[in-house]
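Chains A and B, in that order, are what the protein sequence lines are. So the number in the numbering used here is just where the residue sits in the first sequence, counting from 1, plus 38. So the number in the numbering used here is just where the residue sits in the second sequence, counting from 1, plus 38. Cβ coordinates follow ideal geometry from the N, Cα and C atoms, glycine included. Take a look at the structure set out below.
2 protein chains.
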Amino acid sequence: MSTASPRRTAASPSLDTAAWIDAAFEMLAEGGIDAVRVDPLAKRLGVTRGSFYWHFKDREALHQAMLKEWRKRASYQIGSRIESRTSAPDERLKQTLALPNSTPRSKRAAAIELAIRLWAQRDANAAKAVQHIDRVRLKYYAQLFGEMGLAQSEARKRAFMFYATLLARAYVITDADTDVSADLAALLVDP
Amino acid sequence: MSTASPRRTAASPSLDTAAWIDAAFEMLAEGGIDAVRVDPLAKRLGVTRGSFYWHFKDREALHQAMLKEWRKRASYQIGSRIESRTSAPDERLKQTLALPNSTPRSKRAAAIELAIRLWAQRDANAAKAVQHIDRVRLKYYAQLFGEMGLAQSEARKRAFMFYATLLARAYVITDADTDVSADLAALLVDP
DNA sequence: ACGCCACCATACACAAGTGTATGTTGATAT
DNA sequence: ATATCAACATACACTTGTGTATGGTGGCGT
Chain A
39 MSTASPRRTA ASPSLDTAAW IDAAFEMLAE GGIDAVRVDP LAKRLGVTRG
89 SFYWHFKDRE ALHQAMLKEW RKRASYQIGS RIESRTSAPD ERLKQTLALP
139 NSTPRSKRAA AIELAIRLWA QRDANAAKAV QHIDRVRLKY YAQLFGEMGL
189 AQSEARKRAF MFYATLLARA YVITDADTDV SADLAALLVD P
Chain B
39 MSTASPRRTA ASPSLDTAAW IDAAFEMLAE GGIDAVRVDP LAKRLGVTRG
89 SFYWHFKDRE ALHQAMLKEW RKRASYQIGS RIESRTSAPD ERLKQTLALP
139 NSTPRSKRAA AIELAIRLWA QRDANAAKAV QHIDRVRLKY YAQLFGEMGL
189 AQSEARKRAF MFYATLLARA YVITDADTDV SADLAALLVD P
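Have a look at this one:
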């Protein structure tokens, strides 16, 4: 029982399927859902189409698997924060605003989400996933603002603005001198 | 000199070129820049590729023309608001927030801008256009907040949040009970 | 009335992508 | 050792899209 060989590791029923999905997210970030094509993906992975059609029924199946995976990741990201009740709500909000947004890693995640939001304009499943994640995030932020003493109606408004600022920080292209995202925490959380 | 016939109206050196670009924006909103293809466009317009390659050198030329057109429209939209100094700055900000964002017209515009922002992830020209428009809008909002008496630094932060809220209102999928966008004006503009 | 030219159609060669059917290989269990 | 099966390669038929070359047509000026 060795886990050396790149194929056949006995455990994990989907070991290379994840590799396909990862590469698919890469293409999604670069060119949208229409750019997630079988042939380019296979070339990027160094295999042929034969491999793909063993793991997935067709191209649409990959797209749905991507949606499920994104939903899972985004849900887990919020869920793990809810569990780890380490600090006060205002501190946690500030920490969220302090998260890096210029690293290749975060830029890729933003591009993926942007692509999914565009995809949601025509695909009902994608729209459902986006709506679900938006709801989860807004609910989480609203709860934090609620724990800070704000009424529910006020907490919801502030959660929306907080979420909006996070998204804009990723989507809006600012040059250095207009980049005021660094010290938005005070305006949003403190007063 | 009759302007009856659908082709050859003597005036306007580009009368049908605009039709191509309009249809191209339609496809851009639905499937991103990769979906802006010559053949589907021709079928939608009821003509053949022969027409396209008379108006444009190639597919890339259309893409660049679209970028130029979007830049022109977005600039004009802000420019016209600057000209019409009709009301007080806080009133004008509230009016902007009161603009419809659920009509087919506004949804399409949001989808177009979303697609261009995704496109800007890989295309340098698209990134330049987005950066330019973002800068123009942020500058305009910051000036309005400045006219309300805020210091420049504070006005810039508030302009960013204002702009972020506008964008999120278009990109975030909310259900009715979490839709708090209607009365965000007070929180942003008044206090 | 007639030639000019903007505007579009037709035809062709080529490239890229999809899906299916089937062959091949290497690890694993017995 | 060998049958087995997961995992991939190969080959094929088909569709869709790009770009070019060239032919057709109808309005316009003179």
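Minimum C-alpha distance to residue i - residue among the options
i        : options                                : result
A/THR141 : A/GLY88, A/LEU131, A/ARG207            : A/ARG207
A/TYR178 : A/GLN115, A/ALA147, A/MET65            : A/GLN115
A/ALA136 : A/LYS110, A/GLN190, A/PHE200           : A/PHE200
A/PHE63  : A/ALA99, A/TYR91, A/ARG146, A/SER122   : A/ARG146
B/VAL76  : B/ASP60, B/ALA57, B/ASP96, B/ALA67     : B/ASP96
B/ASP54  : B/GLU151, B/ASN139, B/GLY84, B/LEU66   : B/GLY84
B/ALA197 : B/LYS132, B/VAL210, B/GLU151           : B/LYS132
A/SER144 : A/LEU79, A/LEU204, A/ALA80, A/ILE59    : A/LEU204
B/ASP60  : B/LEU105, B/THR212, B/ARG119           : B/LEU105
B/MET65  : B/ALA57, B/ILE120, B/LEU79             : B/LEU79
A/VAL210 : B/ILE211, B/LYS166, B/THR212, B/ALA189 : B/LYS166
A/ASP213 : B/ALA202, B/ALA189, B/HIS170           : B/HIS170
B/ILE150 : B/HIS101, B/LYS81, B/ALA202            : B/HIS101
DSSP three-state assignment for residue i, whether helix, strand or coil
i        : result
B/ASP128 : helix
B/LYS81  : helix
A/SER118 : helix
B/MET65  : helix
A/THR203 : helix
B/VAL174 : helix
B/ASP60  : helix
B/MET104 : helix
A/LEU222 : coil
A/LEU137 : coil
A/LEU169 : Leu is not the amino acid found at residue 169 of chain A; the sequence shown has Gln there. Three-state DSSP puts A/GLN169 in a helix.
B/ALA147 : helix
A/ASP54  : coil
A/ALA189 : coil
B/LYS195 : helix
B/ALA48  : Caution is warranted here: a pLDDT of 43 is assigned to B/ALA48, below 50, making its placement in the model unreliable, and the coordinate value is therefore given only provisionally. Of the three classes helix, strand and coil, the one that applies to B/ALA48 here is coil, per DSSP.
B/GLY70  : coil
A/GLN159 : coil
A/PHE94  : coil
A/VAL227 : helix
Backbone CA spacing between residue i and residue j [nearest angstrom]
i        : j        : result
A/SER43  : A/LEU226 : Model confidence at A/SER43 stands at a pLDDT of 38, short of 50, so the residue's coordinates are unreliable; what they give is reported in the following sentence. If I take the Cα positions, the gap works out to 52 angstroms.
B/THR41  : B/HIS93  : Residue placement at B/THR41 is poorly supported in this model, since its pLDDT is 32, which falls under 50; the coordinates are not used for a value here.
B/SER161 : A/ALA193 : The question names Ser, but residue 161 of chain B is Asp in the sequence shown. Rounded to whole angstroms, B/ASP161 to A/ALA193 spans 39 angstroms at the Cα level.
A/PRO138 : A/ALA148 : 12 angstroms
B/SER113 : A/TYR91  : 47 angstroms
A/GLU107 : B/GLN181 : 43 angstroms
A/THR86  : B/SER118 : 54 angstroms
A/ARG98  : B/SER191 : A quick correction: the sequence has Glu, not Arg, at residue 98 of chain A. Distance between the alpha carbons of A/GLU98 and B/SER191 is about 48 angstroms.
A/ARG111 : B/ARG175 : 34 angstroms
A/LEU222 : A/THR134 : 11 angstroms
B/ASP172 : A/SER89  : 44 angstroms
B/ALA103 : B/LEU152 : 18 angstroms
B/LEU121 : B/ARG109 : Going by the sequence as given, residue 121 of chain B is Glu instead of Leu. B/GLU121 and B/ARG109: Cα-Cα distance of roughly 18 angstroms.
A/ALA56  : B/ALA56  : 45 angstroms
A/ALA67  : B/ARG82  : 28 angstroms
B/ALA202 : A/ALA202 : 5 angstroms
A/ALA189 : A/VAL168 : 26 angstroms
A/ARG130 : A/ASP228 : 12 angstroms
A/ASN6   : B/ALA164 : No answer is possible for residue 6 of chain A: it lies beyond the span of chain A, which begins at 39 and ends at 229.
B/LYS195 : B/TRP58  : 39 angstroms
Within 8 angstroms, do at least three Cβ pairs link the stretch 182 to 191 of chain A to the stretch 116 to 131 of chain A? yes
Would you say the stretch 146 to 163 of chain A touches the stretch 63 to 74 of chain A, given that touching needs at least three Cβ pairs under 8 angstroms? yes
Residues of the stretch 106 to 137 of chain A whose Cβ lies closer than 9 angstroms to any Cβ of chain B, in chain order: Cβ contacts with chain B come from no residue of the stretch 106 to 137 of chain A.
Within 9 angstroms of chain A by C-beta, residues of the stretch 66 to 99 of chain B in sequence order: ALA67, GLU68, GLY69, GLY70, ILE71, ASP72, ALA73
Please name the residues in the stretch 185 to 205 of chain A whose beta-carbon is closer than 9 angstroms to at least one beta-carbon of chain B, in chain order. SER191, GLU192, ARG194, LYS195, ARG196, ALA197, PHE198, MET199, TYR201, ALA202, THR203, LEU204, LEU205
Output needed in chain order: residues of the stretch 163 to 182 of chain B with a Cβ under 7 angstroms from some Cβ in chain A. ALA165, VAL168, GLN169, ASP172, ARG173, LEU176
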